[in-house]
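Undergrad:
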Amino acid sequence: AQSVTQLDSHVSVSEGTPVLLRCNYSSSYSPSLFWYVQHPNKGLQLLLKYTSAATLVKGINGFEAEFKKSETSFHLTKPSAHMSDAAEYFCVVSDLRNAGNMLTFGGGTRLMVKP
Amino acid sequence: NAGVTQTPKFQVLKTGQSMTLQCAQDMNHEYMSWYRQDPGMGLRLIHYSVGAGITDQGEVPNGYNVSRSTTEDFPLRLLSAAPSQTSVYFCASRGGGAAETQYFGPGTRLLVL
Numbered sequence: 034a035q036s037v038t039q040l041d042s043h044v045s046v047s048e049g050t051p052v053l054l055r056c057n058y059s060s061s062y063s064p065s066l067f068w069y070v071q072h073p074n075k076g077l078q079l080l081l082k083y084t085s086a087a088t089l090v091k092g093i094n095g096f097e098a099e100f101k102k103s104e105t106s107f108h109l110t111k112p113s114a115h116m117s118d119a120a121e122y123f124c125v126v127s128d129l130r131n132a133g134n135m136l137t138f139g140g141g142t143r144l145m146v147k148p
Numbered sequence: 002n003a004g005v006t007q008t009p010k011f012q013v014l015k016t017g018q019s020m021t022l023q024c025a026q027d028m029n030h031e032y033m034s035w036y037r038q039d040p041g042m043g044l045r046l047i048h049y050s051v052g053a054g055i056t057d058q059g060e061v062p063n064g065y066n067v068s069r070s071t072t073e074d075f076p077l078r079l080l081s082a083a084p085s086q087t088s089v090y091f092c093a094s095r096g097g098g099a100a101e102t103q104y105f106g107p108g109t110r111l112l113v114l
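Protein sequences appear in the order of chains A and B.
Here the first sequence is numbered in this note's numbering, starting from 34 and rising by one per residue.
Here the second sequence is numbered in this note's numbering, starting from 2 and rising by one per residue.
#1: Out of 79/A, 34/A and 67/A, state which residue places its alpha-carbon closest to the alpha-carbon of residue 126/A.
#2: Mind checking if residue 1/B is an interface residue toward chain A, Cβ cutoff 8 Å exclusive?
#3: Please report the distance separating the alpha-carbon of residue 75/B from that of residue 95/B.
#4: In this structure, does DSSP put residue 29/B in helix, strand or coil?
#5: If the cut-off is 9 Å on Cβ atoms, which residues from the stretch 39-51 of chain A count as contacting chain B, listed in chain order?
#6: Can you tell which of 43/B, 13/B, 31/B and 37/B has the C-alpha that lies nearest to the C-alpha of residue 1/B?
#7: What residue range does the beta strand (DSSP E) around residue 52/B cover?
#8: What distance in whole Å lies between the Cβ atoms of residue 97/A and residue 91/A, which are believed to be in contact at a cut-off of 8 Å?
#9: Hey, which unbroken runs of the beta strand (DSSP E) at 3 residues or more fall wholly within the stretch 66-132 of chain A?
#10: Can you confirm whether residue 80/B, when its beta carbon is compared against all beta carbons of chain A, has any partner nearer than 8 Å?
#11: Run through DSSP, which three-state label would residue 60/A get?
#12: Would residue 79/B pass as a contact of residue 86/B if the rule is Cβ separation under 8 Å?
#13: List the residues of chain B whose Cβ lies closer than 9 Å to the Cβ of residue 123/A, in chain order.
#14: Which of the three DSSP states is assigned to residue 86/B in this structure?
#15: DSSP has residue 8/B in a bridge; who is on the other side?
#16: Are the beta-carbon atoms of residue 38/B and residue 91/B separated by less than 8 Å?
#17: Answer with buried or exposed for residue 55/B, where buried requires no fewer than 16 other C-beta atoms within 10 angstroms of its C-beta.
#18: What does the alpha-carbon distance come out to for the pair residue 105/A and residue 42/B?
Take a look at the structure:
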C-alpha cells in the first residue's frame, strides 16, 4: 500500500523568503511522485513530477523538489516566495505497479505569504 | 482542446435525491477517475476507469455509481444523496501509465441538505 504524509497543514512565510513544504511517502514499489497546487476555488494544477529520472526535479513558477529514497521524502522548495504562491499544495504518490490509476494524496499544506 | 470539463459547477440537493455529475475529456485519455475533496483529507478516489466499458472502485465508493460507455465521458451518479456526500468533486484523466500527468477538471461543489 502507498501513503503520503504532508508534515505541515499550514506554512506561513514572508514575501521574498524561502519556501519549504515537507512530504514523506510510503510505497512498496518505485513510486512516481507529484506536487499539485490548488488556488482558492480552482482545480488542481501540476507543479512538477518525479518519475525515476533525475532526483532533483524542477517545476513551474520556480518550484523544485528533491527525491530522497533513503529518507522517503519529496520536499517542495522555492528560493523566494511571491504573493501569488499563496495556495494549497498537495503531495501525491502513484505506484508504478498500480495500473489502476490510483493516486494517493497527502492531506495538503496551505501556504500563506505575508507582504 | 478544452481538457477536462465538469458540469454543474455547483449543486444543492436534498437528502435522498439522486443526481449525475458529468465529466468529459477531449484528450483521448484511457484513464479517468473521480475524487472527492474534503478539508484536511486531500483528495480521495471514488471510482476509476481504465477504458470504455471498464470501471473499478477506489477508496470511498459507497453511495456512488459510474459507467464508461465512451472514451470521452465518465459520469458519476449519486444514488440517494446524504449530507456526508457534501464535498467538492473532481474528475481527472490521464493517458499512458501511472507516471503520466493527471489532468483535473475545475470541480463540482455539492451541498446536500
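For glycine and all other residues, C-beta sits at the position ideal for the given N, C-alpha and C.
These numbers were taken from a predicted model, which means no experiment stands behind them.
TA: With the given structure in hand:
#1: In the first sequence, the residue the question calls residue 126/A occupies position 93. Of the candidates 79/A, 34/A and 67/A, the one whose C-alpha sits nearest the C-alpha of residue 126/A is 67/A.
#2: The requested residue 1/B is not part of the displayed model; chain B covers only 2 to 114.
#3: Counted from its first residue, the second sequence places residue 75/B at position 74. Counted from its first residue, the second sequence places residue 95/B at position 94. If you take the alpha carbons of residue 75/B and residue 95/B, they lie about 13 Å apart.
#4: In the second sequence, counting from the first residue as 1, residue 29/B sits at position 28. Coil, per DSSP.
#5: 39 and 42: these are the residues of the stretch 39-51 of chain A whose beta carbon lies less than 9 Å from some beta carbon of chain B, given in chain order.
#6: Beyond the ends of chain B as shown, which are 2 and 114, falls residue 1/B; an answer cannot be given.
#7: The residue you call residue 52/B lines up with position 51 of the second sequence. Taken as a continuous stretch (DSSP letters only), the beta strand (DSSP E) holding residue 52/B covers 44-52.
#8: Position 58 of the first sequence, counted from the start, is the residue given in the question as residue 91/A. Position 64 of the first sequence, counted from the start, is the residue given in the question as residue 97/A. Confirmed, Cβ separation roughly 5 Å.
#9: With a minimum length of 3 residues, the continuous beta strand (DSSP E) runs that stay inside the stretch 66-132 of chain A are 77-83, 89-91, 97-101, 106-111 and 120-128.
#10: Position 79 of the second sequence, counted from the first residue, corresponds to residue 80/B. Residue 80/B has a beta carbon lying at 8 Å or more from every beta carbon in chain A.
#11: In the first sequence, the residue the question calls residue 60/A occupies position 27. Secondary structure at residue 60/A: coil, using DSSP grouped into helix, strand and coil.
#12: Here residue 79/B refers to the residue found at position 78 of the second sequence. Here residue 86/B refers to the residue found at position 85 of the second sequence. Residue 79/B is a Cβ neighbour of residue 86/B, given a cutoff of 8 Å.
#13: One-based indexing of the first sequence puts residue 123/A at position 90. Near residue 123/A (Cβ distances below 9 Å), the residues of chain B are 43 and 44.
#14: Residue 86/B sits at position 85 when you count from the first residue of the second sequence. Looking at residue 86/B - three-state DSSP - the assignment turns out to be helix.
#15: Taking the second sequence and counting its residues from 1, one reaches residue 8/B at position 7. Beta-bridge pairing links residue 8/B to 23/B.
#16: Numbered from 1 along the second sequence, position 37 holds the residue referred to as residue 38/B. Numbered from 1 along the second sequence, position 90 holds the residue referred to as residue 91/B. Going by C-beta atoms, residue 38/B is nearer than 8 Å to residue 91/B.
#17: Taking the first residue of the second sequence as position 1, residue 55/B is located at position 54. With fewer than 16 Cβ atoms within 10 Å of its Cβ, residue 55/B is classed as exposed.
#18: For the purposes of this step, residue 105/A is taken as residue 72 along the first sequence, with counting starting at 1. For the purposes of this step, residue 42/B is taken as residue 41 along the second sequence, with counting starting at 1. Approximately 21 Å, taken between the alpha carbons.
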